[in-house]
Amino acid sequence: MTDHIITPAIENRPVAFTQAEIGWTPWLKPLAEDDLTEAHLAGLVEASRAKSPYFRLLVRDPQVLEARTKTDKDIFYNTRTGLPRAERELAATAASRSNGCIFCASVHSRFAAHHSKRGDDVQKLLDEGVEVDLGDRWNAIIAASVALTATPPTLGDEHIERLSAAGLDELEIADVIHGAAFFNWANRLMLSLGEPTPTVQ
Amino acid sequence: MTTSTPDIIDLLAGIKPGSSLDRIRTQRPETREQAQKSYLALFVPDTIGDVSLVERQAIASFVAGLHRQPDIFEFYVNPLGDSEENRWLVEVLKAEIGAAQAVGPYGQYPAGPLSVENAQGLIYQVSKAGHEALGEKLAAALEHAHLLVFRPRDASSKALQALLDAGWTTDGIVTLSQLVSFVAFQIRVIAGLSLLAASARRAAA
Chain A
0 MTDHIITPAI
10 ENRPVAFTQA
20 EIGWTPWLKP
30 LAEDDLTEAH
40 LAGLVEASRA
50 KSPYFRLLVR
60 DPQVLEARTK
70 TDKDIFYNTR
80 TGLPRAEREL
90 AATAASRSNG
100 CIFCASVHSR
110 FAAHHSKRGD
120 DVQKLLDEGV
130 EVDLGDRWNA
140 IIAASVALTA
150 TPPTLGDEHI
160 ERLSAAGLDE
170 LEIADVIHGA
180 AFFNWANRLM
190 LSLGEPTPTV
200 Q
Chain B
0 MTTSTPDIID
10 LLAGIKPGSS
20 LDRIRTQRPE
30 TREQAQKSYL
40 ALFVPDTIGD
50 VSLVERQAIA
60 SFVAGLHRQP
70 DIFEFYVNPL
80 GDSEENRWLV
90 EVLKAEIGAA
100 QAVGPYGQYP
110 AGPLSVENAQ
120 GLIYQVSKAG
130 HEALGEKLAA
140 ALEHAHLLVF
150 RPRDASSKAL
160 QALLDAGWTT
170 DGIVTLSQLV
180 SFVAFQIRVI
190 AGLSLLAASA
200 RRAAA
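Going down the list, the protein sequences come from chains A and B.
Quick note on numbering: the first sequence equals residues 0 to 200 in numbering that gives the first Met the number 0.
Quick note on numbering: the second sequence equals residues 0 to 204 in numbering that gives the first Met the number 0.
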């Protein structure tokens, strides 16, 4: 059987950055939940991810998905030391805003807003873009994330110095780098394998 | 195989055992291990599936070249250059990289309030000579890699159709997408940590 693309008919597709819960639909066929083998389940890492068409599409290469998922979880959830979760999510949101991933930005701006209690500032980043002024510390994190997101990357000594001046130590700066870098992985998958769908009422 | 492969991010970021950045990475052992496992899953996979090892090295070399990272380009292209059978690819890839340079991200948003942020840039197509040398499947992969690297917001189901038309399968497209996106991540971790290491060395001097 020849493989084929899916062209979903979407009404009111999201056309702006938002913190609202929106959906995502694939352009290629995910595996069916019933067809998942042990190897696929290992690739999904969490059984609940079998509900997601995004992960059931990526699980067609289970070895990569498993390592990708574990990288993702450690970069964002391992917050015993280093940068607070809110600011890792800010780096993810800034990268997603810069690359133009409306879906990724919606998820991670919600996390950034929730963990920082600065929902209005996060909304300004979505509405006004990456040049927004949100105070020295957030400005430094956003600027570094955006510079690292550029191709070729334009992150320079001045960005490191600015993060350091804003009070981040080396481990925290490394966390900013990983948070922004990871979204240069995630944005490209989300943007190229499907598209956002409106909020489910 | 796994135990004999050095940590690629440490290698390419010049992170020496016992250095300040080594200690930083030691505090994130899972990130370090899983980034390495991601690399191995893509370049030393348990099963080759629908994307050959030569295709994987060639596409990663192209992605590193687009990011203008000579050391990372060399790292990915050297296995091709070392092989009698694949050496011809090196010059073809260099020529394509030369013609594919751009500054990203750029591209179009869906029509609406973000349209004012639309930015134009190169829509790369493999040269005629490159196409003849690389063949349909690899040429299509390079064009898709360029799309993902510089203008991911231009991605579309049509772009995936072009890959299917060129002989890619759905499974192969998933691996290709992971590969290009992973290398985009890996390059940025290496670039960021290299800068941080240099800054730490200056502070210690």
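Beta carbons are placed, not taken as given, at the ideal position from N, Cα and C, and that holds for glycine.
This one's a predicted model, so the numbers in the text were calculated from it and none came from an experiment.
* Neighbour-count burial assignment, residue 45 of chain B, 16 or more Cβ in a 10 Å radius -> exposed
* To do: Quick one: grab the DSSP three-state call for residue 40 of chain B.
  => helix
* What residues match up with residue 194 of chain A in a beta bridge as DSSP calls it? -> Residue pairing for residue 194 of chain A: DSSP places it in a beta bridge opposite A/24.
* Give, in chain order, every residue of the stretch 60-81 of chain A whose Cβ lies closer than 7 Å to some Cβ of chain B. => 60, 62, 63, 66, 67, 69, 70, 73, 74, 77, 80
* Asked: Curious, which full-length beta strand (DSSP E) runs of at least 3 residues does the stretch 122-187 of chain B contain?
  -> none
* To do: Just grab the DSSP bridge partners of residue 118 of chain B for me.
  => B/106
* **residue 130 of chain B: contacting residues in chain A (beta-carbon distance under 7 Å)** => By Cβ distance, chain A contributes nothing, its closest Cβ being about 22 Å from residue 130 of chain B, past 7 Å.
* So residue 50 of chain A is in the alpha helix (DSSP H); what residue range does that whole segment cover? -> Counting along the chain, residue 50 of chain A falls outside any alpha helix (DSSP H), and DSSP gives it neither H nor E.
* Pick from A/169, A/191, A/67, A/51: whose alpha carbon is nearest that of residue 202 of chain B? -> A/169
* Residue from A/86, A/26, A/195, A/8 whose Cα sits closest to the Cα of residue 113 of chain A -> A/86
* Can you find a CB in chain A that lies within less than 8 Å of the CB of residue 173 of chain B? -> yes
* Nearest residue (CA-CA) to residue 77 of chain B, options B/67, B/68, B/84, B/89 -> B/89
* To do: Find the nearest neighbour of residue 18 of chain A within the set A/128, A/50, A/110, A/129, judged by alpha-carbon distance.
  => A/110
* Presumed contact (8 Å Cβ cut-off) between residue 58 of chain B and residue 179 of chain B, rounded CB distance -> 7 Å
* **Among A/152, A/123, A/69, the one whose alpha carbon lies nearest that of residue 138 of chain A** => A/123
* Asked: Checking contacts by CB at 8 Å: is residue 106 of chain B closer than that to chain A?
  -> Cβ-Cβ to chain A under 8 Å: yes for residue 106 of chain B.
* Taking buried to mean at least 16 other C-beta atoms within 10 Å of its own C-beta, is residue 3 of chain A buried or exposed? -> exposed
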